[in-house]
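Residue numbering for the sequence shown follows our numbering, starting at 618 and increasing by one per position. In this text, a Cβ means the ideal position worked out from N, Cα and C, and glycines have one as well.
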Amino acid sequence: MSWPTNLDLGQKEALVRRAHSTVKRTESGREKEEGGEQREGRLTQEGKWRERQPQPQPQQQQLELRPSIPSFHPSLPSFPGMVGLSVGEKHFIQGGIAQDLRTDGRKRLHYRPISVETSVIPQANGSARVRLGATDVIVSVKAELGKPSPFQPSKGKVAIFVDCSPTAAPMFEGRGGEELSAELSVSLQRCLLGGKSGEGAGIDLSSLMVVEGKLCWDLYIDGLVVSSDGNLLDALGAAIKAALSNTGIPKVNVAFASSADEPEVDVSDEEFLQFDTSRVPVIVTLTKVGRHYIVDATPEEESQMSSAISVSVNRLGNICGLTKRGGAGLDPSVILDMVSVAKHVSQQLISVLDSEIFAAESAADS
618 MSWPTNLDLG
628 QKEALVRRAH
638 STVKRTESGR
648 EKEEGGEQRE
658 GRLTQEGKWR
668 ERQPQPQPQQ
678 QQLELRPSIP
688 SFHPSLPSFP
698 GMVGLSVGEK
708 HFIQGGIAQD
718 LRTDGRKRLH
728 YRPISVETSV
738 IPQANGSARV
748 RLGATDVIVS
758 VKAELGKPSP
768 FQPSKGKVAI
778 FVDCSPTAAP
788 MFEGRGGEEL
798 SAELSVSLQR
808 CLLGGKSGEG
818 AGIDLSSLMV
828 VEGKLCWDLY
838 IDGLVVSSDG
848 NLLDALGAAI
858 KAALSNTGIP
868 KVNVAFASSA
878 DEPEVDVSDE
888 EFLQFDTSRV
898 PVIVTLTKVG
908 RHYIVDATPE
918 EESQMSSAIS
928 VSVNRLGNIC
938 GLTKRGGAGL
948 DPSVILDMVS
958 VAKHVSQQLI
968 SVLDSEIFAA
978 ESAADS
């Protein structure tokens, strides 16, 4: 090979490297090298190319990585965080559910221990704190006088809002907490307040009426997720029922100067009417893992779900609302079966919750 006399050694090496590969101009106008793999070496003083012998690479240690699998997000709410599980852990959870023996020793249709405290927020008309396993939520109820909607002049109004504390779970920081809060609020409204007409609502809106078409009570129900360990919707539903049981509505005396005038009201600071919760439902969420359903799922179990439905059922066994989450579709026969199971489980949950509420009220009065 003959070289131009004005090239130094570095320029000659570059020409040799370029000769061992082809250059193709892409549509974007950039050049890229293609052909054989990159050849490394050096150019001798005689103009010959001497390839460098490849050095043996040290064997890298293989690491087993556990994939991060999003739980319900929710939704959810799965309504709850990022849970990383190995293949063995997934099989262990799924196999235990198939054999009706979950990782914490419960059967498929058993709840974790539930505890209730009432009157935890003195400034509110009613409040309650519910712990379901390690899931911890607080609900407060505030009653204010307002005007009924022109579309529902004979009914009061209820608004439900949920906030997720950033300390409850890492995923609640930033927009993750805001999105889950919005999903939980919507799900609770669907389960407890029925449709836009208010028909079939779990909370009796007509009981909030003071003067038809002119004056009613507005209930603001605010929930706070203090700690998240799965099954947030059921825990919030139980806390709402407990807080409403603890709610006292001030007695109102109404006087009219004439039929056309706005009513004059006198709100008592001493007399309160107990809010009727006899028809307020509980929420039972059935999570489908494989071919089986479970209640009160943990975050690890929620990460393995294909779908879930939440059913609100009152003391009479009536369905007040239903919501679904998860990407997998459900056959109508499966949904009917899940609703039937939810009705059966709800009666047990109502019995336990009634006992806990009674014990909490008795402890608060003593």
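Nonlocal neighbours in the same chain, by C-beta distance under 6 Å from residue i, ignoring five residues either side
i              : result
aspartate 883  : Asn870
glycine 773    : Leu822, Leu825, Met826, Cys833 and Trp834
isoleucine 900 : Cys808, Leu850, Asp851, Gly854, Ser927 and Ser929
aspartate 753  : Val843 and Ser844
proline 739    : none
serine 692     : Confidence is the limiting factor: at serine 692 the pLDDT is only 37, short of 50, which leaves the residue's position unreliable, though a coordinate-based value still follows. For serine 692, where only same-chain residues beyond five positions count, the Cβ hits under 6 Å are Glu800 and Arg942.
Close-in-space but distant-in-sequence residues of the same chain around residue i (CB under 8 Å, 5 per side omitted)
i             : result
leucine 939   : Arg807, Cys808, Ile926, Ser927, Val928, Ser929 and Val956
cysteine 937  : Cys808, Leu809, Gly811, Gly817, Ala818, Gly819, Pro898, Ser929, Val930 and Asn931
aspartate 821 : Asp893 and Arg896
lysine 764    : Lys831, Leu832 and Cys833
alanine 751   : Ser844 and Asp846
alanine 776   : Asp835, Leu836, Tyr837 and Ile838
alanine 976   : Val733
alanine 708   : In the sequence on display, residue 708 carries histidine and not alanine. Within the same chain, histidine 708 has no close Cβ partners at all.
glutamate 978 : Thr735, Ser862 and Asn863
Helix, strand or coil at residue i [DSSP, three-state]
i                 : result
glutamate 761     : strand
histidine 961     : helix
isoleucine 714    : helix
methionine 955    : helix
histidine 727     : coil
valine 737        : coil
aspartate 982     : helix
glycine 705       : helix
glutamine 677     : Residue confidence for glutamine 677 is low, a pLDDT of 42 falling below 50, so the modelled location carries little weight and cannot support an answer.
glutamate 887     : strand
glycine 943       : coil
arginine 896      : coil
serine 924        : strand
alanine 914       : coil
isoleucine 838    : strand
alanine 751       : coil
glycine 794       : helix
arginine 746      : strand
phenylalanine 975 : helix
isoleucine 820    : coil
glutamate 881     : strand
serine 802        : helix
leucine 825       : helix
leucine 809       : helix
leucine 966       : helix
Cut-off 7 Å between Cβ atoms - residues of its own chain near residue i, not counting five sequence neighbours on either side
i              : result
serine 862     : Thr894 and Ile974
histidine 909  : Ile714, Ala715 and Arg725
leucine 841    : Val754, Ile755, Asp780 and Ser782
alanine 959    : Val901, Leu903, Val928 and Val930
isoleucine 952 : Ile926
alanine 741    : Ser757, Val758 and Lys759
Local Cβ density within 10 Å of residue i, reported as buried at 16 or more and exposed below that
i             : result
aspartate 721 : exposed
aspartate 913 : buried
serine 972    : exposed
aspartate 948 : exposed
alanine 859   : buried
aspartate 886 : exposed
serine 963    : buried
leucine 805   : buried
threonine 904 : buried
glycine 943   : buried
serine 766    : exposed
serine 594    : Beyond the ends of the chain as shown, which are 618 and 983, falls residue 594; an answer cannot be given.
alanine 872   : exposed
alanine 981   : exposed
alanine 945   : exposed
threonine 735 : buried
leucine 890   : exposed
leucine 966   : buried
leucine 749   : buried
threonine 864 : buried
Interface flag, residue i vs chain B, CB-CB below 8 Å
i           : result
glycine 722 : The structure shown contains no chain B; it holds only a single protein chain.
Query raised in the report: Taking one C-beta from the segment 740-757 and one from the segment 792-799 each time, how about it: are there three or more such pairs within less than 8 Å?
Result: no
Query raised in the report: Is there contact between the segment 757-767 and the segment 834-850, where contact requires at least three CB pairs shorter than 8 Å?
Result: yes
Report task. Please specify which runs of the alpha helix (DSSP H), each continuous and at least 4 residues long, are wholly inside the segment 840-870, giving them in chain order. Result -> Counting only runs that start and end inside the segment 840-870, the alpha helix (DSSP H) elements of at least 4 residues fall at 849-862.
Query - Segment contact, 8 Å Cβ cut-off, at least three pairs: the segment 719-732 with the segment 784-793 - result: no
Query - the segment 905-918 contacting the segment 706-719, beta-carbon criterion three pairs below 8 Å - result: Cβ pair count under 8 Å is three or more, so yes.
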